[in-house]
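First to last, the protein sequences are chains V and P.
Numbered per this note's numbering, the first sequence spans residues 1 to 417.
Numbered per this note's numbering, the second sequence spans residues 1001 to 1233.
Glycine is no exception: its CB is placed at the ideal position from the N, C-alpha and C atoms.
Please read these numbers as outputs of a predicted model, since none were measured by experiment.
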Amino acid sequence: MDAITNLLKIISDFVAELIRSVLGFSPLLAELVVMGLAAVVLITFAALSFMGLTYVERKVVARIQDRLGPNQAGPFGLLQPLADGIKMFTKEDTTPATADRWVYNLAPLVIAVFALATYAVIPFAPGVVGTNLNVGVFYVLAIGSGSIVAILMAGWGSNNKYALLGAFRTVAQLIGYEVPMLLNVLTVVLVTGSMSLIDIINHQTLAEGNPGIPHILMLPLPALVFLISGIAETARSPFDLLEAESEIVAGFHTEYSGMKFALFFLGEYVNALAVAFIFSTLFLGGYAGPILPPYVWILLKAALVFFVFMWLRGTLPRVRIDQMHALNWKFLVPMSTVNLVLVMLVLKLFPTSEAAAQTFGGILVTPWVQALILLAVNLAVLFVSLALAARAARRFRQAEEEMIMRRRSANLATARA
Amino acid sequence: MTIQQLIFIALAILVIGSALFVVTTSNLFRGALMLIVAFFGIAGFYVLLDNGLFAVAQVMIYIGAISILIIFSVMLTRGMQAMIPRNAQAGSVAIAAGLLFLILLLAFGPFRLVVDLSGVPVLATLFRTESPRVLGGLPWSFANREVPETYIADFGRALVDLNQFLLPFLLVAFLVDAVLAGAIYIARQRKPAEVIAEREAIAKEEAEEIAALQPQAASPALPQSAVASTAEH
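Printed below as a string of structure tokens:
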């Protein structure tokens, strides 16, 4: 049992020992080599999961839309990603004559690097994490903003109007949705009292003096908003405005072909999977779970979140650009801000530790009671904002209908005259 | 030479090289991109100083926000590609920057420079030194000190501590609020009548300007009264 739980750790120790004894490396050098190997394994995992995810997504979306999906290459179309890969390799690698050559060719690499950099802090099992940064959450958000630069490089470097339009849209979207994402991650950080992803998981793990409640049960609103802004940040449907083919051809990657295009594709999927991992770490308890080994748990949770992404992609139409910005700035940001302030108040008014109660006052409660209060506050904020939004939408519709009626009667009057 | 020193030298070369590229290139967009590389190098210095928070904040703020802003303004500049940048002040700026660097190097750098300030009336009181004053070679009060484990919490408390940085923090918060209010005011949805009135006002202003310019620029031969009458029509 123990061997299965700590499988990854045992393998890495074994490899380190092997390098030290067989190759005669010093412990420091051996550790460096093992770290390099781990990075290679992690990158390979991400790239392979990209191949698998394209297949699964096509199948799932096809099922949702009452189609079969890929079914020609191999049994159940299982070899489709391989066929796609071969196709990508054999395609001509084009560069537009007027492109900024350096910027154009670097952009796909930069986007892939930033996408993979997120995996450095994702904990897969106890002790199996690239690096346990004490500012892990902050790091994830900061690295996410790097892909904006890469998309701008692609849009500008292509020297194509549609590519540039796509890049402009990207910046507006990605920077905009960073705000609610940050506000809601902040609530999790406040509840946990740490920015380290390991600490956030430990806070949700059943242990002595810790009830082990997944954050989604006490903070459903931040979880929901994080999911929405996560989809927007990775530019997946219904927020895939930056590559809306009916409007701007293919957005920032219009000019890219072959493997360079595949790298953009990889960046997109790897980013989406990273968001799924971060969501399961922040809100679903990460690798914590009974019976099954930890790395299975986190993979299951991430797969569940990714399934939600696919589900939304298969069922929702693409939003309009003004709707997207209105949703962000007029709904998600104000709601998240109010929720953040209320969570702060709850944490100060109903502390769980005696030390905090003595310093700041407030009523000492058990973690369960605090979680219940947080849940109540969250749901109240959610329903009040939904009601307000519904009322505003109704008024807007009424005003629009009135305008149409007025215009119609005016037209009738002119027709009569 | 330790690994830290090697990394420091590599980062320094990276930062200085990309910074040089930024100020010498004629392609503004590439310059902005190299500025991002320089910012990354600075973030690397923070990592080297065991300060992950500031490294990540550097990436978030300088690369995620400020660089994007710079790139955007470069992109929206008309005729940016065909531009031939020429700076008449380049030489004097280089001399000023070099002098400033020299002063900083002498004042805070590794060289010990003995200067007698006791005779100078203002400076002697200003620096409160016993003569002769030693410039440079200052003991760096944080050198060789471990970064405390709780530095993030300490930093946070310092921001809300009345005796430390509460006032600057509040001022910055106030400034950010004002900026947000301004942004909302500029981006607000306006009534059609308001927009039309504004456009009419601008058109009127332009017409007046043209009318004022016409006698000198277009037709100096035309009598003043004739121009006025055409403007009225």
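- Here DSSP, grouped into helix, strand and coil, assigns residue 1160 of chain P to coil.
- The continuous alpha helix (DSSP H) containing residue 368 of chain V extends over residues 367–416.
- Within 9 Å of the CB of residue 141 of chain V, the CB atoms of chain P belong to 1056, 1060, 1064, in sequence order along the chain.
- In this structure, DSSP gives residue 210 of chain V an extended state, which the three-state scheme calls strand.
- For the pair of segments examined, the region 113–132 of chain V was found not to touch the region 174–182 of chain V: the number of CB pairs separated by less than 8 Å stays below three.
- The alpha-carbon separation between residue 94 of chain V and residue 101 of chain V amounts to approximately 11 Å.
- Sixteen is the threshold: since fewer than 16 other Cβ atoms of the shown chains lie within 10 Å of the Cβ of residue 87 of chain V, the residue is exposed.
- When C-alpha distances from residue 377 of chain V are compared across V:328, V:118, V:344, V:238, the shortest belongs to V:344.
- No Cβ of chain P is located within less than 7 Å of the beta carbon of residue 165 of chain V.
- The Cβ neighbour count for residue 269 of chain V, taken over all protein chains shown within 10 Å, is at least 16; the residue is labelled buried.
- With 16 or more neighbouring CB atoms inside 10 Å of its own CB, residue 336 of chain V falls in the buried class.
- Residue 152 of chain V has a beta carbon lying within less than 7 Å of a beta carbon in chain P.
- In the DSSP annotation of this structure, the continuous segment of the alpha helix (DSSP H) that includes residue 203 of chain V starts and ends at 197–203.
- Apart from the 5 residues on each side of it in sequence, residue 211 of chain V sits with its Cβ closer than 6 Å to the Cβ of 367, 368 in its chain, given in chain order.
- Three or more Cβ pairs drawn from the region 127–140 of chain V and the region 189–200 of chain V lie within less than 8 Å of each other, which places the two stretches in contact.
- Across the set V:341, V:411, V:18, V:4, the C-alpha of V:341 shows the shortest separation from the C-alpha of residue 186 of chain V.
- Under a criterion of Cβ atoms nearer than 9 Å, the residues of chain V adjacent to residue 1030 of chain P are, in order, 100, 102, 103.
- The bridge partners DSSP lists for residue 128 of chain V are V:125.
- The beta carbon of residue 1053 of chain P sits closer than 7 Å to some beta carbon of chain V.
- CA-to-CA, the gap between residue 1040 of chain P and residue 1068 of chain P works out to about 14 Å.
- In the three-state reduction of the DSSP assignment, residue 1146 of chain P falls in the coil class.
- Classified as buried, residue 240 of chain V has 16 or more neighbouring CB atoms from the shown chains inside 10 Å of its CB.
- One alpha carbon belongs to residue 324 of chain V, the other to residue 1056 of chain P, and they sit about 28 Å apart.
- Within 7 Å of the CB of residue 134 of chain V, the CB atoms of chain P belong to 1052, 1152, in sequence order along the chain.
- Distances from the alpha-carbon of residue 11 of chain V to those of V:41, V:28, V:27, V:24 put V:41 closest.
- Between residue 108 of chain V and residue 330 of chain V, the C-beta gap is not smaller than 7 Å, which leaves the two residues out of contact.
- Here the alpha carbon of residue 1009 of chain P sits roughly 22 Å from the alpha carbon of residue 1147 of chain P.
- Contact note: residue 138 of chain V reaches chain P through 1053, 1056, 1057, 1060, using a C-beta cutoff of 8 Å and chain order.
- Across the region 1066–1078 of chain P, CB contacts with chain V closer than 8 Å involve 1067, 1068, 1071, 1072, 1075, in sequence order along the chain.
- By the C-beta criterion, the region 140–147 of chain V is judged not to be in contact with the region 295–310 of chain V, since fewer than 3 inter-stretch pairs fall below 8 Å.
- Comparing alpha-carbon positions, the option among V:132, V:395, V:31, V:371 lying closest to residue 204 of chain V turns out to be V:371.
- One Cα belongs to residue 339 of chain V, the other to residue 381 of chain V, and the distance between them is close to 6 Å.
- If you check the CB distance, residue 166 of chain V and residue 25 of chain V do not come in under 7 Å.
- In this structure, the straight-line span from the alpha carbon of residue 117 of chain V to that of residue 62 of chain V is close to 31 Å.
- Annotation: Cβ neighbours of residue 146 of chain V in chain P (cutoff 8 Å, chain order): 1059, 1063, 1064.
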